[in-house]
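Peer 1:
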Amino acid sequence: MKILEVKNLKTSFFTHMGEVQAVRGISFDLEKGEILGIVGESGSGKSVTSLSIMGLIDEPGKIKEGQILFQGKDLSKLTHHELEDIRGNDISMIFQDPMTSLNPVFRIGNQIKEIILEHTDLSKEEAHEKAIKLLKLVNIPEPETRINQYPHQFSGGMRQRALIAMALSCDPKLLIADEPTTALDVTIQAQILELLRELKDKVDLSIILITHDLGVIAEICSDVIIMYGGLVMEKGSVFDIFENPQHPYTKGLHQSMPKNVRGSKERLIPIKGTPPDLLEPPTGCPFSPRCPHAMEICMKKDAPLFKIEKGHTASCWLHHEDAPKVENYIQVKGDAFDEIV
7 MKILEVKNLK
17 TSFFTHMGEV
27 QAVRGISFDL
37 EKGEILGIVG
47 ESGSGKSVTS
57 LSIMGLIDEP
67 GKIKEGQILF
77 QGKDLSKLTH
87 HELEDIRGND
97 ISMIFQDPMT
107 SLNPVFRIGN
117 QIKEIILEHT
127 DLSKEEAHEK
137 AIKLLKLVNI
147 PEPETRINQY
157 PHQFSGGMRQ
167 RALIAMALSC
177 DPKLLIADEP
187 TTALDVTIQA
197 QILELLRELK
207 DKVDLSIILI
217 THDLGVIAEI
227 CSDVIIMYGG
237 LVMEKGSVFD
247 IFENPQHPYT
257 KGLHQSMPKN
267 VRGSKERLIP
277 IKGTPPDLLE
287 PPTGCPFSPR
297 CPHAMEICMK
307 KDAPLFKIEK
317 GHTASCWLHH
327 EDAPKVENYI
337 QVKGDAFDEI
347 V
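If you want our numbering, it's the position in the sequence shown, counting the first as 1, plus 6.
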């Protein structure tokens, strides 16, 4: 059962320099009870996608086109007041950087209780008890004491757990976690990911996990979207993306990752060049200026999402039936393919 359907979403920011096309027409689904990972470099459109779903795109930003169907209801067509009823209650979000997302002058408990009192009919006493239960749910020790402490008295990992408790305070059906492990050490990262996995089963959550770290994706997600230049480059199961990547950008991400193999002396291969300027996005595939296999058509025309197998698609002209074959990342020359431009 699909809990979320995003169809041809386009979100732009209209600045004094021109239109920044942050998200340029992406589509994806999220099944109930699943964890979907969205991966890409900074500026690829990951966070703007999540803010669009939450209805948190402010001026000069605007959702230009598309549908965001949550349980069949199009969020992009709702009023601000109608969205407020859904945010927090049905959809919640963990924002980036636990160090700055909490208000330093308010106690942790008060920040959690404020959300509960705003979105439910519970009394102050009942909200207090629920806040303690939430802190216990996210494995914060001595919650009865910690609830009266300030953010500076929490470690980075505990602040992230407190943010997760706040996000769960109104029993949402969909949780969006934007870079939930950023600025945390490896041990704490693993604990936060394990916590999210446990919560998915305990409270029947569907989760969208946004990150630039493929290692985090491999740890927890069932399905993955690879974004670049405001577009989807590849979609598939976590197995597809790691065992059978079919887009040069996905392969480039793999090659630039450290290998967790003892004694390995394999050199990392960086992706040369820089991400596109979305104020003036390139014609054709946004990755073509950096792609080792770019052809003439790549510079002129966006590639559709070619079906690799069931549930696995890639937006790359190399999957066209007339494309030249690529072996071991070396392009075999061919002329027939460019004739379809």
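Built from N, CA and C at the ideal position, the CB exists for glycine as well.
For I100 versus L15, is the C-beta spacing smaller than 9 angstroms?
Peer 2: Counting from one through the sequence shown, the residue named residue 100 turns up at place 94. Counting from one through the sequence shown, the residue named residue 15 turns up at place 9. In this structure, L15 does not lie closer than 9 angstroms to I100 by Cβ.
Peer 1: From what residue to what residue does the beta strand (DSSP E) around D184 run?
Peer 2: As a working mapping, residue 184 is identified with position 178 in the sequence shown. Segment L180 to D184, the beta strand (DSSP E) holding D184.
Peer 1: Going by the CB atoms, is the gap between I232 and E240 shorter than 9 angstroms?
Peer 2: As a first step, residue 240 must be located in the sequence shown, where it is residue number 234. As a first step, residue 232 must be located in the sequence shown, where it is residue number 226. The answer is yes: Cβ separation under 9 angstroms.
Peer 1: What are the start and end residues of the alpha helix (DSSP H) that includes A309?
Peer 2: Here residue 309 corresponds to residue number 303 of the sequence shown, with the count starting at 1. That residue, A309, is in no alpha helix (DSSP H); it is neither H nor E in DSSP.
Peer 1: Select from T151, L169, P292 and S53 the residue whose C-alpha is nearest the C-alpha of T106.
Peer 2: Counting from one through the sequence shown, the residue named residue 106 turns up at place 100. Considering only alpha carbons, the answer is L169.
Peer 1: Decide yes or no for the touch test of the segment 201–214 against the segment 176–191: beta carbon pairs closer than 8 angstroms, at least 3 of them.
Peer 2: Output reads yes: the segment 176–191 touches the segment 201–214.
Peer 1: Below 9 angstroms between beta carbons: does that hold for G236 and G51?
Peer 2: By 1-based counting over the sequence shown, the position of residue 236 is 230. By 1-based counting over the sequence shown, the position of residue 51 is 45. For G236 and G51, yes; Cβs fall inside 9 angstroms.
Peer 1: By a C-beta neighbour count over all protein chains shown, 10 Å radius and 16 as the cutoff for buried, is K314 buried or exposed?
Peer 2: Numbered from its first residue, the sequence shown carries residue 314 at position 308. Before going further, note that residue 314 is Ile rather than Lys in the sequence given. Buried is the call here.
Peer 1: Across which residues does DSSP place D80 in a beta bridge pair?
Peer 2: As a position in the sequence shown, residue 80 is number 74, starting the count at 1. In the DSSP output, where bridge partners are listed per residue, D80 has L75.
Peer 1: Which one of P281, D103 and P264 has the shortest CA to CA distance from L220?
Peer 2: The residue given as residue 220 occupies position 214 in the sequence shown. Closest by alpha carbon: P264.
Peer 1: One question on the structure: do V3 and T55 come within less than 9 angstroms of each other, judged by their Cβ atoms?
Peer 2: Nothing can be reported for residue 3, as the shown portion of the chain is limited to 7 through 347.
Peer 1: What residue range is occupied by the uninterrupted alpha helix (DSSP H) comprising T193?
Peer 2: Counting from 1 along the sequence shown, the entry for residue 193 is found at position 187. Start and end: V192 to K208.
Peer 1: When the Cα atoms are used, what is the spatial distance from P281 to G49?
Peer 2: Numbered from 1 along the sequence shown, position 275 holds the residue referred to as residue 281. Numbered from 1 along the sequence shown, position 43 holds the residue referred to as residue 49. Answer to the nearest angstrom: the Cα atoms are 8 angstroms apart.
Peer 1: Taking DSSP as the reference, what is the three-state secondary structure of H125?
Peer 2: What you label residue 125 is simply residue 119 of the sequence shown in a count that begins at 1. DSSP places H125 in helix when its eight states are reduced to three.
Peer 1: Taking the alpha-carbon positions, what's the K306 to Q159 distance?
Peer 2: In the sequence shown, residue 306 corresponds to position 300, counting from 1. In the sequence shown, residue 159 corresponds to position 153, counting from 1. Going from the Cα of K306 to the Cα of Q159 covers about 55 angstroms.
Peer 1: Span of the alpha helix (DSSP H) holding S56?
Peer 2: Residue numbering aside, residue 56 sits at position 50 when the sequence shown is read from its first letter. Looking at the DSSP string, the run of the alpha helix (DSSP H) that includes S56 is K52 to M60.
Peer 1: Taking the CB atoms as reference points, tell me whether L81 and I59 lie closer together than 9 angstroms.
Peer 2: The residue given as residue 81 occupies position 75 in the sequence shown. The residue given as residue 59 occupies position 53 in the sequence shown. Taking 9 angstroms as the Cβ cut-off, L81 and I59 qualify as a contacting pair.
Peer 1: In the DSSP output, what is K8 paired with across the bridge?
Peer 2: One-based indexing of the sequence shown puts residue 8 at position 2. Paired residues: E37.
Peer 1: Shortest alpha-carbon distance to N154 belongs to which of E124, T187 and K119?
Peer 2: Your numbering for residue 154 matches position 148 in the sequence shown. That would be K119, whose Cα lies nearest to the Cα of N154.
Peer 1: Rounded to the nearest angstrom, how far is the Cβ of I213 from that of I41, given a contact under 8 angstroms?
Peer 2: The residue you call residue 213 lines up with position 207 of the sequence shown. The residue you call residue 41 lines up with position 35 of the sequence shown. Confirmed, about 4 angstroms.
Peer 1: DSSP on K142, reduced to helix/strand/coil?
Peer 2: Counting from 1 along the sequence shown, the entry for residue 142 is found at position 136. DSSP places K142 in helix when its eight states are reduced to three.
Peer 1: From S262 to Y255, what does the alpha carbon distance come to, in whole angstroms?
Peer 2: Numbered from its first residue, the sequence shown carries residue 262 at position 256. Numbered from its first residue, the sequence shown carries residue 255 at position 249. Roughly 11 angstroms separates the two Cα atoms.
Peer 1: Curious, which full-length alpha helix (DSSP H) runs of at least 4 residues does the segment 95–122 contain?
Peer 2: Complete alpha helix (DSSP H) runs here, min 4: 104–107.
Peer 1: Which residues share a DSSP beta bridge with D229?
Peer 2: Along the sequence shown, one-based indexing puts residue 229 at 223. In DSSP, D229 forms a bridge with L42 and S243.
Peer 1: Can you grab the Cα-Cα spacing for the pair F19 / E71, in whole Å?
Peer 2: For this step, residue 19 is matched to residue 13 along the sequence shown. For this step, residue 71 is matched to residue 65 along the sequence shown. Near 13 angstroms, if we compare the C-alpha coordinates of E71 and F19.
Peer 1: To the nearest angstrom, how far is the alpha carbon of I275 from that of L89?
Peer 2: Position 269 of the sequence shown, counting from 1, holds the residue named residue 275. Position 83 of the sequence shown, counting from 1, holds the residue named residue 89. Cα to Cα, I275 sits roughly 44 angstroms from L89.
Peer 1: Span of the beta strand (DSSP E) holding H325?
Peer 2: Residue mapping note: residue 325 aligns to position 319 of the sequence shown, counting from 1. It is not in any beta strand (DSSP E) - H325 carries neither H nor E in the DSSP assignment.
Peer 1: Does DSSP classify E302 as helix, strand or coil?
Peer 2: Mapped onto the sequence shown, residue 302 falls at position 296. Three-state DSSP puts E302 in a helix.
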